[in-house]
Amino acid sequence: MSAPDTNLESQKNQHKPSLWGIGAAVTFGVAMIAIIVFVSVGANEQVAEDGAPTDTAPAAVGVN
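Numbering (the numbering used here), first residue to last: 4 to 67.
This is the structure in structure tokens:
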């Protein structure tokens, strides 16, 4: 069954703040995930005294 009295324009106006909120929450979530990824990827590097990045990964034992 469909609703007996539908006014699409008034419904669009009534739902606009909710849709903006959902869009803002999605944007915030995507930004937070991107920040976490960038921070975790860059966390494996340290900067030496001369400013050059150095790899902090442990060396494999017995590999020459």
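Glycine is no exception: its CB is placed at the ideal position from the N, C-alpha and C atoms.
- As the crow flies, the alpha-carbon of A37 is around 45 Å from that of P7.
- Within the model, the alpha-carbon separation for N16 versus N10 is close to 10 Å.
- DSSP, read as helix, strand or coil, puts N16 in helix.
- When the Cα atoms are used, F31 and K19 turn out to be separated by approximately 18 Å.
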